[in-house]
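A.B. asks:
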Amino acid sequence: MPDWAVTATLVRDNEPVLTVVHLPLTGDDYTAVAGRGAHLNGAPLRVSAKTDLAAALTGTGQARPGEDEHTFRRIGSAVTQMLMNGLVVRVSVPATLQLIHVASGRMDAFWQFSDVRSGLVAGALLVAEAGGTVTDTNGNPWSLTSPDFLAAAPGVHAAAVTVLSPLAA
1 MPDWAVTATL VRDNEPVLTV VHLPLTGDDY TAVAGRGAHL NGAPLRVSAK
51 TDLAAALTGT GQARPGEDEH TFRRIGSAVT QMLMNGLVVR VSVPATLQLI
101 HVASGRMDAF WQFSDVRSGL VAGALLVAEA GGTVTDTNGN PWSLTSPDFL
151 AAAPGVHAAA VTVLSPLAA
């Protein structure tokens with residue numbers, strides 16, 4: 001998997017409305033327009049149809065340099081809890097690349113506690129437009145001011161909230 005991308009997202013009234021994620025190493029282009037769906041090289045994207053968190057491929061990102069100890073501990077606790085409730089937890093950066101996998105149905109859920117909005121905004125629109133659910137880890141609608149982030153296939157979202165909400169900010 002390429003570990004970098006070129007991303008541009010248009011935000012209007014604090015909502016992402018258009019995004020393009022280009023992967024130079026593969027030549028793939030992920031695009032989404034609010035209300036018009038998400039696409040990979042022009043083909044529609046759909047999140048997974050998985051309904052069992054125990055069979056889910058999940059992921060999170062690491063904390064950014066200089067993050068506080070509380071955030072480090074929350075991330076560690078969340079990884080532990082998700083390992084106990086999900087199938088696999090992948091920890092990698094940038095968040096945008098994990099979110100394109102959720103939007104494409106190759107991963108089932110992604111959460112983030114660290115304050116990395118620039119890595120989340122493009123992926124949030126891609127996942128939502130591919131039919132996924134994007135909230136904070138308490139299950140409330142996500143916005144650019146939310147303290148944390150969860151994007152998941154609808155069939156595993158509620159279970160992911162149950163696992164992550166006790167650790168929410």
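In UniProt numbering, the protein residues as written are 1 to 169. Built from N, CA and C at the ideal position, the CB exists for glycine as well.
Kindly confirm or deny that the region 34-41 and the region 49-60 touch, where touching means at least three C-beta pairs closer than 8 Å.
C.D. replies: The region 34-41, when compared against the region 49-60, does not touch it at the 8 Å Cβ threshold.
A.B. asks: Does DSSP put His81 in a helix, in a strand, or in coil?
C.D. replies: Within the sequence shown, numbered from 1, the residue matching residue 81 stands at position 81. In the sequence under discussion, the amino acid at residue 81 is Gln, which differs from the His named in the question. Helix.
A.B. asks: According to the Cβ coordinates, are Ser114 and Thr162 closer than 7 Å?
C.D. replies: Within the sequence shown, residue 114 is the residue found at index 114, counting from 1. Within the sequence shown, residue 162 is the residue found at index 162, counting from 1. Result no, Cβ atoms of Ser114 and Thr162 do not sit closer than 7 Å.
A.B. asks: Quick check: what's the CA-CA separation for Arg110 versus Ala152?
C.D. replies: Here the question's residue 110 lines up with position 110 in the sequence shown. Here the question's residue 152 lines up with position 152 in the sequence shown. One detail in the question is off: residue 110 reads as Phe in this sequence, not Arg. Taking the straight line joining both Cα atoms gives about 6 Å.
A.B. asks: Report yes if the C-beta distance between Arg46 and Ala130 is below 7 Å; otherwise report no.
C.D. replies: Here residue 46 refers to the residue found at position 46 when the sequence shown is read from its first residue. Here residue 130 refers to the residue found at position 130 when the sequence shown is read from its first residue. For Arg46 and Ala130, yes; Cβs fall inside 7 Å.
A.B. asks: Look at the alpha carbon of Asn14 and the alpha carbon of Ala124, and state the distance between them as a whole number of angstroms.
C.D. replies: For this step, residue 14 is matched to residue 14 along the sequence shown. For this step, residue 124 is matched to residue 124 along the sequence shown. Rounded to whole angstroms, Asn14 to Ala124 spans 12 Å at the Cα level.
A.B. asks: Helix, strand or coil: which one does DSSP assign to residue 174?
C.D. replies: Past the edges of the chain, shown from 1 to 169, lies residue 174, and the structure says nothing about it.
A.B. asks: On a CA-only basis, which of Thr9, Gly27, Ala55, Ala56 is nearest Gly42? Give me that one, please.
C.D. replies: One-based indexing of the sequence shown puts residue 42 at position 42. The option with the nearest alpha carbon to Gly42 is Gly27.
A.B. asks: Report the residue from Val134, Val6, Val121, Ala55 whose alpha carbon sits nearest the alpha carbon of Pro16.
C.D. replies: Residue 16 sits at position 16 when you count from the first residue of the sequence shown. Nearest C-alpha to Pro16: Val121.
A.B. asks: Going by CA-CA distance only, name the one from Ala159, Val6, Ala63 that's closest to Met84.
C.D. replies: On the sequence shown, position 84 is the one that residue 84 refers to. Met84 has its Cα closest to that of Ala159, out of Ala159, Val6, Ala63.
A.B. asks: With 16 as the cutoff for other CB atoms within 10 Å, does Gly66 come out buried or exposed?
C.D. replies: By one-based count along the sequence shown, residue 66 stands at place 66. It is exposed - the Cβ of Gly66 has fewer than 16 other Cβ atoms within 10 Å.
A.B. asks: Drop a sphere of 10 angstroms on the beta-carbon of Val134, count the other beta-carbons inside from all chains shown, and report buried for 16 or more, exposed for fewer.
C.D. replies: Residue mapping note: residue 134 aligns to position 134 of the sequence shown, counting from 1. The residue is buried, with at least 16 neighbouring Cβ atoms inside 10 Å.
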